[in-house]
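Shown next, in structure tokens, is the structure this report addresses.
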DNA sequence: CTTGACCCTCACACGGATGTCAAGTTTTAG
DNA sequence: CTAAAACTTGACATCCGTGTGAGGGTCAAG
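Residue numbers (the working numbering), protein chains in the order written: chain A, 74 to 196; chain B, 74 to 196.
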């Protein structure tokens with residue numbers, strides 16, 4: 074598939090896909106004219122990148138972590154520590170987010186008591 | 074308390090506190106010489122701002138939402154929708170983060186099987 | 001009054017993923 | 001063959017909370 078197809082399949086802009094490649098996160102082969110071609114597995118790869126990005130890992134961190142998915146050989150103890158520390162970070166982030174959610178939920182609830190126009194936006 | 078005290082109490086830099094004020098999120102009175110003074114309630118206020126910021130609300134969104142905490146009068150139906158939509162966003166973010174955490178946790182686990190040097194970094 | 005800690009207001013810089021524009025090339029449909 | 005659609009590289013712009021530095025003012029203690 075070409076970059077437009079991958080973009081459509083993942084929701085990532087072509088710009089972002091080129092950026093991922095530039096950062097070493099995503100590989101592509103080139104056609105004779107220089108256009109990128111991706112295997113269908115690239116869709117999952119991009120999804121994974123997007124997940125990690127939205128979890129607050131930057132591209133360098135992802136680069137550290139991603140290879141261990143595809144390449145068992147490079148699993149160093151250092152990498153385990155890296156993974157664990159990222160995991161801790163994400164866990165903490167989830168905790169924080171839970172607290173914030175409770176704040177917001179409390180406000181919504183409090184509001185609904187005053188003006189009962191239920192919208193049923195259940196969690 | 075002065076800005077240095079509030080900074081120490083909240084962990085937010087003085088720069089950030091001034092920024093919050095500039096964005097209308099945080100009020101202060103000024104001494105004769107122009108220095109900021111805060112009531113002790115400002116500590117909670119700043120904590121709240123920090124929570125919302127880290128939940129991905131930008132200062133404009135917080136400005137929309139924060140007043141309803143201190144001022145009951147301005148609770149419009151529009152505000153309820155705003156709150157609900159931010160809540161939905163945060164909930165979705167939590168979901169995504171859970172998935173990402175599982176990915177990372179899976180990697181850590183997978184790794185530990187191969188190289189059993191337990192570090193006991195429990196979640 | 002003097003000194004040192006603290007504070008003031010600009011104003012510029014950054015990080016990092018993404019948007020966007022320009023000028024040129026490749027691919028595909030007709 | 002030709003025109004349109006899709007792609008290429010390169011460069012600059014944007015967002016936005018925060019860092020940082022300059023140049024100067026304030027405040028409390030000695």
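Backbone N, C-alpha and C fix where the C-beta goes; we use that ideal spot for every residue, glycine too.
If you look at residue 126/B, you'll find it in the alpha helix (DSSP H) that goes 115 to 127. Interface annotation, residue 80/A: not in contact with chain B, CB-CB separation never under 8 angstroms.
Judged by DSSP in its simplified three-state form, residue 91/A adopts helix. Three or more beta-carbon pairs separated by less than 8 angstroms are not found between the region 174 to 182 of chain B and the region 155 to 166 of chain B, which leaves the two stretches without contact. Here the C-alpha atom of residue 116/A lies approximately 7 angstroms from the C-alpha atom of residue 79/A. For chain A, the residues of the region 163 to 179 of chain B that bring a beta carbon within less than 8 angstroms of one of its beta carbons are 163, 164, 166, 167, 169, 170, 171, 172, 173, 174, 176, 177 and 178, in chain order. DSSP places residue 109/A in the strand class (E or B) of the three-state scheme. Within the same chain, and ignoring the five residues on either side of residue 156/B in sequence, the residues whose Cβ sits closer than 7 angstroms to its Cβ are 138. The beta-bridge partner set that DSSP reports for residue 102/A consists of 110/A. Counting along the chain, the unbroken alpha helix (DSSP H) around residue 79/A starts and ends at 76 to 83. The Cβ atoms of residue 121/B and residue 170/A do not sit closer than 8 angstroms to each other. Here residue 124/B is buried: its Cβ has 16 or more other Cβ atoms, across all protein chains shown, within 10 Å.
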